[in-house]
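For what it's worth, the working numbering labels the leading residue of the sequence shown as 299, then goes sequentially.
These notes are about the structure you will find just below.
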Amino acid sequence: MKNSLLNLIVICTALFMVGCKDPNPTPPTPPTPEVTTFRTFSLLKAQNPALQGDLNFTIGADGVFSCKVPYYVDRTALIPTFTVPDGCRVVAQTKTQISGKTAVNFSQPVVYSITSNGRTTPVTVKFEIGYKGLSGLPVVVINTEKNQAIKDKDTWIPAKMMIDDGNGNTVFDEADAEVKGRGNTTWYYDKKPYAIKLGEKAEVLGMPKHKRWVLLASWNDKAMMRTDLTFFMAQQYTTFRWKQRGEAVELVLNGEHMGHYYLCEQIKVDKNRVPDGYVLEIDYRAKEANGDIFFTSNLTKLNFVLKDPEPEKGSEEFNYARDYINRAENDLKEGNVESYRSYMVMESFVDWYLNQEFSMNIDACFFLSVYMNIGEDGKLYMGPLWDFDIAFGNDVFLDDSSDNHIPEGFYLYDADRSDLWLKVLRNDELFLSILKERYAAMRADKDTILAHIDEVAEAQRESAVLNDQKWHKLCKAGASREQILKAYDAEVEYLKEWVEDRFEWLDQHIPNL
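Structure, rendered in structure tokens:
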């Protein structure tokens, strides 16, 4: 009886459970199918001789395979090596891909189709351009719109610009920019200088924000550092209202390495540049046909170009600058010492003169690239400094045996074009007292100046090799790395010896002024 009762309970329970079964049970979750993608993706030097070594791609969180590929590699026909799960078919650019054999155009990101068991998965592979392995200097990368050539100094070409630190790290993100040619004589050399205008003000390599920048080609300066040396000395030994800065860089333009350049600040009126007023340049070549806004002074007949801002000729601003300079020249000629001292900032005139005289800059004899600034305070400031590639014993327009390369003499004082301005000031006791004080400070730091030359030379030796392999300024085409370095070191040594000899001569003559 007991067993019968137990069996009845079990049967009833079972019937109850059947009756309570969920009529819409939740189906079990099917396993997630494995994503079909590349297991590995590489570019091997064995199949791609242009590479310096094998390159392995990595997959990001977005499923995109990417890798930094050196800028100089032709991306239009590269042969990738890859692995996929067994039985997969790989297609790209309408062609079935065979690992290690099929060439692909990677100039744009490539979308591969990987098919397995009737299911096709798109997988993107893209390149990031890398600049590691040049010279170690920062790399300025400019790509013009549709790879347009920069043909003149007047037409701004739309472009993108970025800067790599030389070790594969981006230190200036790709930015909208415009670029054009610049320079006077230098524009007609094989290696061109360029002007850059960013879409927005930006800090560049630690230099304060601005839109306008310059890439100097240093064509005539085989040591590739005379402008940098000038800016260094200006930073240390002058009281200019603004002292330019610059950095040695490599330039890659539309994928082509253009060699060593000097990226620096352009002379403009701005809170981060010349703080206010008018910037004028003495330039004997000024012509209205070239778009120059200038006047010719009454006494010296020098051309004064209004560089920034550029008022219309005959405007109130233009007439103000013209009348100001004519007044200054008249005061100098008449010897109105008290008058010209009241508005000429003598320290700036001394600083400008000393740096130009020390370097024996042939352009500075009131010929061209002689800058002045009429400030909003009504004062006249000399400077800033500019154009020193043929200074420091490097007058390339003279015969190598010319005595003019010798670091002796007061070069600017004896120049005819600067006769009124500099000879009058050189007889002013205030000017001379400041000059001797400034020179003494510079002379006390001779070893620091020479050490700076050594430091710059060491930092850009590899850049000198790459630059000469392209432009052949130091050695003939086909020269070895060792031959180029020997020639470069000789140029640096010449510069150092010239600076030392120049100090020696000035030591004997400045105290006697």
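By construction, the Cβ of each residue, glycine as well, lies at the ideal position given by its N, Cα and C atoms.
Lysine 784 lies in the beta strand (DSSP E); which residues open and close that run?
No beta strand (DSSP E) contains lysine 784, which is instead part of the alpha helix (DSSP H) from 779-807.
Could you check if glutamate 498 is buried or exposed, using at least 16 other CB atoms within 10 Å of its CB as the buried criterion?
Its Cβ having fewer than 16 others within 10 Å, glutamate 498 is exposed.
When the distance is taken between beta carbons, is serine 761 closer than 9 angstroms to leucine 527?
no
Using the Cα positions of glutamate 545 and cysteine 562, report the straight-line distance between them to the nearest angstrom.
Roughly 6 angstroms between the two C-alpha positions.
I believe glycine 676 touches tyrosine 641 by the beta-carbon criterion, under 8 angstroms. Please report the beta-carbon distance rounded to the nearest angstrom.
6 angstroms
Where do the N-terminal and C-terminal ends of the alpha helix (DSSP H) with tyrosine 535 fall, by residue?
524-535
By a C-beta neighbour count over all protein chains shown, 10 Å radius and 16 as the cutoff for buried, is proline 491 buried or exposed?
Burial of proline 491 is indicated by the presence of at least 16 other C-beta atoms within 10 angstroms of its C-beta.
On the DSSP letters alone, give me the boundaries of the beta strand (DSSP E) that threonine 468 sits inside.
468-479
From phenylalanine 529 to leucine 793, what does the alpha carbon distance come to, in whole angstroms?
16 angstroms
Can you tell me which of the three DSSP states arginine 387 falls into?
strand
Assign glutamate 627 to one of two classes, buried (16 or more other C-beta atoms within 10 Å of its C-beta) or exposed (fewer than that).
buried
Taking only the alpha-carbon atoms, compute the straight-line gap between leucine 630 and lysine 458 and give it to the nearest angstrom.
Cα-Cα distance, rounded: 49 angstroms.
Determine, using beta-carbon pairs with one atom in the stretch 589-605 and one in the stretch 560-578, whether at least three such pairs fall under 8 angstroms.
yes
At 4 residues or longer, and completely inside the stretch 622-702: list those alpha helix (DSSP H) runs for me, N to C.
635-641 and 644-657
Taking the straight line between their C-alpha atoms, what separation do you get for lysine 541 and proline 682?
7 angstroms
If I measure Cβ to Cβ from leucine 349 and keep anything under 7 angstroms in the same chain, skipping five residues before and after, which residues do I get?
Excluding five sequence positions before and after leucine 349, the CB atoms of its chain that fall closer than 7 angstroms to its own CB belong to Leu341, Lys343 and Val371, given in chain order.
Where valine 547 and phenylalanine 695 are concerned, what is the direct C-alpha to C-alpha distance, given to the nearest angstrom?
Rounded to the nearest angstrom, the two C-alpha atoms are 27 angstroms apart.
Own chain, CB closer than 7 angstroms to tyrosine 622, minus 5 neighbours either side, in chain order
Taken in chain order, the residues that qualify are Ile672.
Quick one, are the C-beta atoms of aspartate 519 and aspartate 687 less than 9 angstroms apart?
Against a cut-off of 9 angstroms, the Cβ pair of aspartate 687 and aspartate 519 comes out as a contact.
Can you tell me which of Tyr618, Phe380 and Arg373 puts its alpha carbon nearest to the alpha carbon of asparagine 354?
Phe380
For the candidate residues Asn346, Lys507 and Trp719, whose alpha-carbon lies nearest to that of valine 402?
Asn346
I want to know whether the stretch 753-771 touches the stretch 531-540 - three or more CB-CB distances under 8 angstroms.
no
Could you check where the beta strand (DSSP E) with tyrosine 737 kicks off and where it finishes?
In the DSSP assignment, tyrosine 737 falls outside any beta strand (DSSP E) and lies within the alpha helix (DSSP H) extending over 727-742.
Whole-number beta carbon distance between valine 477 and alanine 850, since they are thought to touch under 8 angstroms:
Residue 850 falls outside the range modelled here, since the chain spans only 299 to 811, and no answer is possible.
Please check the pair arginine 724 and aspartate 805, which I expect to be a contact at CB under 8 angstroms, by giving their CB distance rounded to whole angstroms.
No, arginine 724 and aspartate 805 are not in contact; Cβ-Cβ is about 18 angstroms, not under 8 angstroms.
Inter-residue spacing [alpha-carbon to alpha-carbon] between leucine 730 and leucine 811:
7 angstroms
Tryptophan 511 lies in the beta strand (DSSP E); which residues open and close that run?
505-514
Write down the C-beta distance between threonine 536 and aspartate 649 rounded to the nearest angstrom, noting that I regard them as a contact closer than 8 angstroms.
4 angstroms
Where does threonine 484 fall in DSSP's three states?
Note: threonine 484 maps to helix in three-state DSSP.
Can you say whether proline 705 is buried or exposed, counting buried as having 16 or more other CB atoms within 10 angstroms of its CB?
buried
The beta strand (DSSP E) with alanine 762 in it runs from where to where?
Segment 759-769 is the alpha helix (DSSP H) holding alanine 762; no beta strand (DSSP E) there.
Cα separation between asparagine 653 and glycine 361?
58 angstroms
In the DSSP assignment, what are the bridge partners of aspartate 462?
Val437 and Thr468
Thinking just about the alpha-carbon of each residue, which of Leu435, Lys771, Met531 and Lys366 is nearest to the one in aspartate 745?
Met531
C-alpha distance - aspartate 743 paired with leucine 733, whole-angstrom precision:
16 angstroms
Would the stretch 434-442 count as touching the stretch 757-777 if we require 3 or more Cβ pairs under 8 angstroms?
Segments in contact, yes.
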